[in-house]
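The sequence shown begins at 41 in our numbering and counts up by one. First the structure, in the form of structure tokens, and then the observations on it.
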Amino acid sequence: MTDPHPSTPRPATISDVAREAGTGKTSVSRYLNGETNVLSADLRQRIEAAIARLNYRPNQMARGLKRGRNRLLGMLAADLTNPYTVEVLQGVEAACHALGYMPLICHAANEVEMERRYLQLLTTYRVEGMIVNALGAEEDVLRPLRGGGIPAVLVDRTVEGFEADLIGLDNDAAIEAGIRHLIECGFASIHFVVQPFEQVSSRRQREAAFRAMLATAGRPVPPTVVLDTTDAAALDAALADVDARIDAALRAGGRAALFAANAPVALALARHLHARFGAAWQTRAALLSIDDPEWAELIGITTIRQPTYDIGYKAVEFVHERIDGAAGDVRVALLPGELIARASTAG
């Protein structure tokens, strides 16, 4: 009678490989660790054949812990719903694969308490390094990394009081490229729209760069529009402010140009403009955004594309170098963006 619940075959062990190859576990261990120069050609062939016959797979976690290495990298992401984060993750995963790491990805969902909990959890897993796209609000949240001696690399955002290598966009250059493009396209009314920015370094840098560069160009610097998508009343007030600026520009015979600090802001603005003006909203207002999500191309929004893949890849390289003992001052790598001109800013 056939057993309805056949037992799953037991995975082969290093002892099984040694027995199959007619040698000891020490020789097999040396083979697995790459110390093949101390083994004869015949013994190497026997071990290789035994591994193939038994379909042996080494327990990498156990081997890593025995050597004090587990090849785990933690990545804490502030917001996985943001296309920027997803694109950075592609670079992180590619670099982890190339360098032999396993990424553990945690989503803080823009909540400080969730960020704190995940950081504590990752330290209990004894990750070898951390890549942190922090909320940026509280330095004490990151203290477990410092106390545990875990190398960390920050992506996009600095955290005051926490010194670590940083990878991100060259915000000053990106803002300058955007303003130059809008001025060259003939826009006189240019407005910066950003989410609450006081506690997020990259948003602060973009807002400050916008004001400084518009002033340098001899243009009026209107108050920054703060678009809080988490507060319905505040959002309605901000969009009403945007409408007033668009109407003022139209009365003056031109179009207002809205410079969105990132993709979530650009999406909120595009939805609002479409709801107010319909499909021809780009004849009433121009829109330019940092970030280049796929939907931006579909509706013709001019963007400044971030080198997201390169940011993620470089972050893993930086933390890998620190794990391997690289010392020295904190490193900052600011990568250039790419202006993608589309219909939303056309004359």
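Glycine included, each C-beta is placed from N, C-alpha and C at the ideal position. Just so it is clear, the structure is predicted and the values come from calculations on it, not from any experiment.
Secondary structure at Glu155: helix, using DSSP grouped into helix, strand and coil. For Pro143, the beta-bridge partners assigned by DSSP are Leu113. Counting of Cβ neighbours within 10 angstroms places Trp321 among the buried residues, the total reaching 16 or more. Straight across, the Cα-Cα distance linking Leu129 with Gly352 is about 6 Å. Here the region 186-201 does not lie against the region 281-296, with fewer than 3 beta-carbon pairs under 8 Å apart.
The beta carbons of Ala118 and Val356 sit about 18 Å from each other, so the pair does not count as a contact at 8 Å. Ile145 and Phe227 have their C-alpha atoms spaced approximately 42 Å apart. Under DSSP, Val372 forms a beta bridge with Leu206.
Under the three-state reduction of DSSP output, Thr264 falls in the coil class, being neither helix nor strand. Take the alpha-carbon of Ala336 and the one of Ala89: they are about 54 Å apart. Contact between the region 376-387 and the region 233-245 is absent: fewer than 3 CB-CB pairs across the two stretches fall below 8 Å. Between the alpha carbons of Gly64 and Ser55 lies a distance of about 8 Å. Per DSSP, the beta-bridge partners of Ile380 are Thr343.
Straight across, the Cα-Cα distance linking Leu298 with Tyr349 is about 27 Å.
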